[in-house]
Every structure is written in C-alpha cells, then in structure tokens.
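In the numbering used here, the protein residues as written are 660 to 946.
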C-alpha cells in the first residue's frame, strides 16, 4: 500500500512538472504566432531599431528602440542601487547581525516582497516623485530615476534573501579555518565567505534584475510614459512592460498595433529567459 502511494505521488509530481513546461511552451508558441504576424508588413530591423513609436498614426510607426533603451536605463539604474545595498544587507544578516535580530530582519525583508507593485507605485507617486522633482529642480518628477529607485526597492528582497541563503550554505569550516590562521572577522568574510558564495550571490543579483525587467505597474505609474529616445536618467521614459499594459486594451484586434504588442512580449520573453538561464548557470556553477 505504501509503495502504491509513493508511486502515485511520484506520478503526480512528474505530471505537474511536465504540465508547467507544457504551459510555458504553449504561451511562447502563442506569442510567436501573434507577434510574428507583424513581420509580414514590418521588417524586424525596423521594429527593433526604429526610433519612433506612433502605433495609431497613418502609416503606423512601430519602432521599439526608445522602449528598449528606456527599459535598460531603468533596469541599469535599479541594479546600481539595489546590488550594493542588497549584498551588503545579506552579509550583515548572515555574518554580523546578532542571532535574536537575524530572524526578525530576514522575515521583515521577505515581507517587503509581498507588497503589491501597484501599492509601491502609488507610494512612489505620493512621496518619491515630488522629492525627485524638488531635489533636481525638474518640471516633473516622473523620470527614469524615480522608476530606478522604486524598482531597486522592489528587487532588494529577492537579492537579500537568496544571497543570504548562499552565504549561510557555505561550510562553517571555511570561516573557522580563516579565523584560525589569524584573519579578522571582516577578512574572513571578504576573502573566504564571499568568494565561496559567489555563484549564489550572482544568481541572486540576476534574479533581482529579472524581477526589475518584468515589473509593470510601478514603472507605468512613475516613469512618465514618454516613448522618446532617453538622453538622461532625469527625463521621462517608457518601458516595454508599461507599453503593453497601457495599450493592449486600446489596440484593435488583428491590427499592426495589436501584433506589435505581442512582438514586444516576445522581446520581453527572450530577455527574461536569458536572465533566468544565466542565473541558473551561475547557481549550479562548479567551483
């Protein structure tokens, strides 16, 4: 009877795993079907490298280069802020914080990840946007910088949690050996613990960046949604995700605009897939 139960559970787990892969493949095939329909009338090079996004003009101009650069600018700014703070926080929680406060800090950081993005976007509109406008004397605080700061705040729980787990998984004998050889606590962390956990930390960073790339509501609310070529982090930009969210409800089914939004989805899918595969490779890297 016990063997039968185990066999049933094994088959259920196998079916669930296969089903998840099957659904992802179906989603990707649907994106390809709808997105590639655009390239019957628009060249892929014009779509990817065109500098004007006017989908309802006559004729429609469907260049997504400003959207790609806007996404990269916001993501790069968020990474510059979140990676140093996130890794430093993970080091503090794993190696420096007292035992009593360690669990409280870890639970608090994981709770931050549960806050809905639309709530964070609203908080950013009320507090962060006016602050950026006043600090830099700008006509509007809805800028790429505002989006970068808010997305950094959203990426940090992922980076801190996974990086802390990576540091915690390093055998304690590594640190004890370094201390026995005369290293200080900081030297043991910097020269022994961090290199040993580097694969996990890099995976944490890449997963945090993946979280930033796929974010929609927060960036749509506080980046200004201007589909122009960005020249500064202090100007409004529009991201790929915000474009899909803002325009899908208005696009006529079967139009070039409709197919272009699905083609943007393909670009996002490829970027997210590359980030996640990179994170997986770093996580399982043999040292």
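For glycine and all other residues, C-beta sits at the position ideal for the given N, C-alpha and C. Please read all numbers here as calculations on a predicted model, not as lab measurements.
Item                                                                                                             : Value
C-beta contact flag for residue 851 and residue 834 at 8 angstroms                                               : yes
Start and end residues, alpha helix (DSSP H) containing residue 661                                              : 661-695
Test item: CB-CB of residue 871 and residue 704 under 8 angstroms                                                : no
Beta-carbon separation (whole angstroms), residue 779 vs residue 812, contact threshold 8 angstroms              : 7 angstroms
Touching by the beta-carbon criterion (3+ pairs, under 8 angstroms), the segment 802-810 and the segment 720-734 : yes
Nearest residue (CA-CA) to residue 863, options 788, 902 and 743                                                 : 743
Candidates 884, 874, 756 and 896: closest to residue 775 by CA position                                          : 874
Residue 946 versus residue 858: straight-line alpha-carbon distance, rounded                                     : Residue confidence for residue 946 is low, a pLDDT of 49 falling below 50, so the modelled location carries little weight and cannot support an answer.
Cβ-Cβ distance between residue 848 and residue 750 below 8 angstroms                                             : yes
Expected contact under 8 angstroms - CB spacing of residue 746 and residue 822 to nearest Å                      : 6 angstroms
Residue ranges of each alpha helix (DSSP H) within the segment 781-847, 4 or longer                              : 788-795, 803-827, 831-839 and 844-847
DSSP state of residue 896 mapped onto helix, strand, coil                                                        : strand
Limits of the unbroken alpha helix (DSSP H) element including residue 762                                        : 758-771
Cβ-Cβ separation, residue 802 to residue 883 (assumed contact under 8 angstroms), whole Å                        : 6 angstroms
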